[in-house]
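J.: Below you'll find the structure I mean.
2 protein chains.
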Amino acid sequence: MAEGNGRPDLAAMTGRLGRALAAAEVPVLRAHGLSMWAYVVLLALDEGPVRSQSALAEAIHADKTRIIGVLDDLQDRGLIERVPDPGDRRVRLLSITAEGRRLRDAAQAAVQEREERLLSRLTEEERATFLRVLQDLHALPWEDLAGP
Amino acid sequence: MAEGNGRPDLAAMTGRLGRALAAAEVPVLRAHGLSMWAYVVLLALDEGPVRSQSALAEAIHADKTRIIGVLDDLQDRGLIERVPDPGDRRVRLLSITAEGRRLRDAAQAAVQEREERLLSRLTEEERATFLRVLQDLHALPWEDLAGP
DNA sequence: TATTGTTATACTCTATAACTATA
DNA sequence: TATAGTTATAGAGTATAACAATA
């Protein structure tokens with residue numbers, strides 16, 4: 001006895017869509033030599049330098065021990081800078097380099113170009129509303145989305 | 149130097165939204181005595197009986213070894229039926245019970261009631277378009293979303 | 001003593017391989 | 001022999017605990 005009435009849970013729909021888009025993103029990023037975490041780090045640093053690795057980890061909702069290898073690799077490749085703070089030599093000042101910004105821009109352009117394939121299924125009105133709502137919800141703090 | 153132009157990746161926005169909604173769902177489901185996988189199984193069986201555990205696992209994109217414990221528990225609690233197929237006693241015929249359907253309905257009502265809190269931020273027009281687009285995209289096969 | 005970053009360890013989830021029973 | 005289901009094992013990803021350097 002099929003059911004039919006009602007809608008699927010919002011969580012099920014956005015979850016599946018998010019996983020599918022992430023799966024689509026992986027090969028694009030790998031073509032640019034980036035892991036998902038490396039890409040997330042470059043995106044975060046592109047909005048400005050960060051004063052400590054802990055702060056960066058918190059900003060991207062990662063564990064601080066989890067991004068160390070990522071930072072090592074990005075630094076070795078000259079995509080980020082990681083220098084001890086002269087005022088407090090325990091903390092590392094993190095910033096993206098010009099080369100890192102170039103790579104980030106190229107990767108993101110490729111990612112979004114691919115996403116256009118999906119958005120092209122929508123009408124102009126659907127596309128505009130969908131993206132606006134998504135951006136509004138994305139701007140909300142986590143607690144407003146996930147609750148107390 | 150902040151950037152500002154362009155939009156966040158679709159994958160980042162839907163991914164975060166999906167994870168947040170899933171996180172919001174967990175305590176609601178637990179209040180009904182259900183894990184996420186148990187809930188997914190009940191939802192899948194509600195659309196009709198399934199002829200084998202392998203088929204069910206494939207339908208919900210899970211490994212067949214992963215759902216065994218879930219099925220054991222659901223069966224012990226009388227929420228599903230699992231009987232050997234008389235025609236081929238290797239396969240198990242799976243179906244949801246009336247009690248299982250009651251629990252599923254109660255759980256889903258609670259889940260969606262919570263999701264309404266988020267949707268109430270939208271205008272009627274935004275809400276209608278957003279849900280319609282989401283359902284359309286959700287109905288697409290995985291390959292259309294994630295690509296080749 | 002407290003904190004940043006790092007390394008080492010343990011845990012959770014998932015997938016793979018080996019096994020039983022039916023065919 | 002091949003397949004459905006189960007159990008046992010191993011792997012990936014992640015978090016926790018212990019450590020070194022600096023404050």
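So the sequence lines, in the order shown, correspond to chains L and G.
So for the first sequence, the working numbering puts the first residue at 1; every next one is plus one.
So for the second sequence, the working numbering puts the first residue at 149; every next one is plus one.
A virtual CB, placed ideally from N, CA and C, is assigned to each residue, including glycine.
Quick caveat: nothing in here was measured; it's all calculated off a predicted structure.
#1: Need the endpoints of the beta strand (DSSP E) that E126/L sits in, please.
#2: Of all the CB atoms in chain L, is at least one closer than 9 Å to the CB of Q223/G?
#3: Identify each residue in the region 123-135 of chain L for which the Cβ-Cβ distance to at least one residue of chain G is less than 8 Å, and report them in chain order.
#4: Give the C-beta separation of R275/G and L267/G to the nearest angstrom, bearing in mind that I take them to be a contact with Cβ-Cβ under 8 Å.
#5: Classify A107/L as buried or exposed, calling it buried when 16 or more other Cβ atoms lie within 10 Å of its own Cβ.
#6: Between R101/L and the rest of its own chain, which residues show a CB-CB distance below 7 Å, the 5 nearest in sequence each way excluded?
#7: Would W185/G and R214/G qualify as a contact pair, given that the criterion is a beta-carbon distance under 9 Å?
#8: My assumption, with CB atoms under 8 Å, is that A294/G sits in contact with A24/L. Please give the rounded CB distance.
#9: Can you have a look at I216/G and say buried or exposed, based on whether 16 or more other CB atoms are within 10 angstroms of its CB?
#10: Pairs of beta-carbons, one from the region 281-292 of chain G and one from the region 40-54 of chain L, closer than 8 Å: are there three or more?
#11: List, in chain order, every chain G residue whose beta-carbon is nearer than 7 Å to that of W142/L.
#12: Which runs of the beta strand (DSSP E) fall wholly inside the region 183-236 of chain G and span at least 3 residues, in chain order?
#13: CB M161/G to CB L34/L, shorter than 9 Å?
#14: Counting only C-beta atoms, is R250/G closer than 9 Å to chain L at any point?
#15: Using a Cβ-Cβ distance cut-off of 9 Å, determine whether G163/G contacts chain L.
#16: Cutting at 8 Å between CB atoms, please list the residues of its own chain near I228/G, excluding the five before and the five after it.
#17: Quick one, which of A168/G, R269/G and V176/G has its alpha-carbon nearest R252/G's?
#18: If you draw a straight line from the alpha carbon of R155/G to that of V50/L, how long is it in whole angstroms?
#19: Report the three-state DSSP secondary structure of R262/G (helix, strand or coil).
T.: To lay it out plainly:
#1: First-last for E126/L: E124 to A139, but that is the alpha helix (DSSP H), not the beta strand (DSSP E).
#2: Not an interface residue.
#3: Listed by position, the residues of the region 123-135 of chain L near chain G (Cβ gap below 8 Å) are E125, E126, T129, F130, L131, R132, V133, L134 and Q135.
#4: With 8 Å as the limit, R275/G and L267/G qualify as a contact, their Cβ atoms being about 6 Å apart.
#5: Within a 10 Å sphere around the beta-carbon of A107/L sit 16 or more other beta-carbons, which makes this residue buried.
#6: Excluding the 5 residues flanking it on each side, R101/L has same chain C-beta neighbours closer than 7 Å at D46, in chain order.
#7: With respect to the 9 Å criterion, W185/G and R214/G are classified as neighbours on the basis of their beta carbons.
#8: Between A24/L and A294/G the Cβ distance is about 5 Å, and since that is below 8 Å, they are a contact.
#9: Exposed.
#10: With the cut-off at 8 Å, the region 281-292 of chain G and the region 40-54 of chain L do not touch.
#11: Correct list: A168.
#12: Runs of the beta strand (DSSP E) spanning 3 or more residues and lying entirely within the region 183-236 of chain G occur at 228-233, in chain order.
#13: Against a cut-off of 9 Å, the Cβ pair of L34/L and M161/G comes out as no contact.
#14: Using beta-carbon distances, R250/G does not count as an interface residue toward chain L, since no partner is under 9 Å.
#15: Closer than 9 Å: yes.
#16: Hits under 8 Å: V189, L190, L193, L219, L222, L242, S243, I244, T245 and G248.
#17: Checking every option, the nearest Cα to that of R252/G belongs to V176/G.
#18: Each residue's alpha carbon lies about 21 Å from the other.
#19: Looking at R262/G - three-state DSSP - the assignment turns out to be helix.
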